[in-house]
Amino acid sequence: DADRLQAHFDEVIAHDRRIEPRDWMPDAYRKTLVRQIAQHAHSEIIGMQPEGAWITRAPSLRRKAILFAKVQDEAGHGLYLYAAAETLGVDRADLTRRLIEGRQKYSSIFNYPTLSFADVGVIGWLVDGAAICNQVPLCRSSFGPYARAMVRICKEESFHQRQGYELLLTMMRGTEAQRAMVQDAVDRWWWPSLMMFGPPDEASPNSARSMAWKIKRHSNDELRQRFVDMTVPQAEKLGVTLPDPELRWNAERGRYDFGTPDWDELKRVISGDGPCNEERIERRRRAHEDGAWVREAAAAHAAKQAARRDR
Ligand code: ACO
21 DADRLQAHFD EVIAHDRRIE PRDWMPDAYR KTLVRQIAQH AHSEIIGMQP
71 EGAWITRAPS LRRKAILFAK VQDEAGHGLY LYAAAETLGV DRADLTRRLI
121 EGRQKYSSIF NYPTLSFADV GVIGWLVDGA AICNQVPLCR SSFGPYARAM
171 VRICKEESFH QRQGYELLLT MMRGTEAQRA MVQDAVDRWW WPSLMMFGPP
221 DEASPNSARS MAWKIKRHSN DELRQRFVDM TVPQAEKLGV TLPDPELRWN
271 AERGRYDFGT PDWDELKRVI SGDGPCNEER IERRRRAHED GAWVREAAAA
321 HAAKQAARRD R
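According to UniProt numbering, the stretch in the sequence shown is residues 21 to 331, in order.
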C-alpha cells in the first residue's frame with residue numbers, strides 16, 4: 021500500500037500536477053514545505069518592521085499612504101502563507117512561538133537597518149525585485165495551497181517593486197543630496213539582496229531534493245543570476261552605480277558576470293548575528309504579547325457565536 025501511495029505521489033509530481041492537503045505525501049516533503057512556507061511567512065511579518073519604521077517619517081501624505089498600504093500588504097502575505105502552512109497540519113500559534121524562540125528562520129535581508137527614506141525605495145526596487153524573481157516560479161510549486169498563495173503575492177510584489185522604483189526616480193530627479201542618499205542606500209542593500217537567494221548551489225543542502233519535488237523550480241544561483249540580469253539595466257536607467265567592480269556584460273554567456281557575495285556574512289546573519297536580529301525578534305515578541313488580548317477576545321467571540329448557533 022505504501023508503495024502504491026508513493027507511486028501515485030511520484031506520478032503527480034512527474035506530470036506537473038498539484039499535491040493537495042488531503043493527498044498522501046512523504047513525511048519529508050511535508051516537513052520541507054512547513055519549513056519553507058513558515059520561513060516565508062515569518063519573513064513577510066518581520067519584513068514589516070524595517071519599512072514600518074518610516075511610516076511616521078514619510079516626507080508627504082502621499083508617500084505615507086503608499087507605505088502604509090504596502091506594509092499592510094505584507095501582513096496579508098504573511099496571513100495567506102500561515103494559512104497555507106496550516107493545511108499541512110501545523111498550527112500558526114506554534115509557528116510564531118518557534119520564530120520567537122529562534123527555532124525557525126526568516127529572511128536574512130530584514131536584519132539590516134533602514135537609515136534613510138531612500139531605503140524605502142531601495143527595498144521596493146531591490147528587495148521586492150529579488151522576492152519576485154524568487155517567487156514567480158513558486159506559483160508553479162507542486163503544493164497547491166502554496167502555489168496559489170504565490171499568485172496573489174507576486175501581483176502585489178510587482179506593485180511594490182514599481183512603487184520603490186518610482187520613489188527612487190523621483191529622488192534622482194531631486195537635489196544632489198537626494199541622489200547621494202539613493203546611492204548610499206543602493207551601496208548598503210545590493211549585496212544583502214543577492215544573499216536573499218540563499219547560499220551558492222554547492223552549499224545549499226535543501227536544493228536538490230526540493231527541486232526534485234518541484235517545490236523549488238530553479239536553483240539559488242540561477243535565480244540570483246536572473247535577478248542581476250534584470251536589475252543592471254534598471255540601475256543604468258536610474259543613474260546609480262551597483263557596488264560591484266566585477267559586474268560586466270558577458271557576451272558569450274549572454275548574461276552579466278558579477279562578484280561573490282560575502283557568504284560568511286550571510287551565515288552570520290542567518291545564525292542570529294546580523295545588525296538588527298535581536299531588535300527584530302524582540303519587537304515581534306512584544307507585538308505578539310501585546311496582541312494576546314485581541315486573540316483571546318476573538319476566540320471568546322467565536323466560542324459565543326458557535327454556542328448560539330448550536331442552541
Ligand atoms: N535568509 C535566511 N535563511 C536562509 C536564506 C536567507 N536569505 N537563504 C537560505 N537560508 C537558509 C535555508 O532556509 C536553510 O535553512 P534550514 O535548512 O534550517 O531551513 C539554509 O539556509 C540552507 O539553504 P538552502 O538549502 O538553499 O535552503 P532552501 O532550499 O530552503 O532555499 C530559499 C532557500 C531560496 C530562501 C527558499 O527557502 C525559498 O525560496 N523560500 C521562499 C521565499 C522566501 O522565503 N522569501 C522570503 C523573503 S522575500 C520577502 O519576504 C519580501
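Yeah, the Cβ is synthetic: ideal placement off N, Cα and C, and Gly gets one too. Only a predicted model underlies this, so the values are computations on that prediction, with no experimental measurement involved.
Looking at C-alpha atoms only, which residue of 188, 115, 180, 102 is the closest neighbour of residue 136?
188
Excluding the 5 residues preceding and the 5 following residue 177 in the sequence, name in chain order all residues of the same chain whose CB lies nearer than 7 Å to its CB.
148, 151, 152, 155
Short check: CB of residue 201 to CB of residue 138, under 8 Å?
yes
For the pair the stretch 109-121 and the stretch 283-295, tell me if three or more CB-CB distances fall below 8 Å.
no
State the Cα-Cα distance for the pair residue 29 and residue 228, rounded to the nearest angstrom.
18 Å
Alpha helix (DSSP H) containing residue 166: first to last residue?
164-192
Short check: CB of residue 169 to CB of residue 104, under 8 Å?
yes
For residue 39, which three-state DSSP category applies?
strand
Quick check on the DSSP output: the beta strand (DSSP E) that includes residue 268 runs from which residue to which?
268-270
Name the residue from 108, 128, 218 whose alpha carbon lies nearest to the alpha carbon of residue 242.
218
With which residues is residue 276 paired in a DSSP beta bridge?
269
Compute every distance between the C-beta of residue 178 and the non-hydrogen atoms of the ligand ACO, then say whether any falls below 7 Å.
no
At a threshold of 7 Å, does residue 217 count as lining the ligand ACO (C-beta to nearest heavy atom)?
yes
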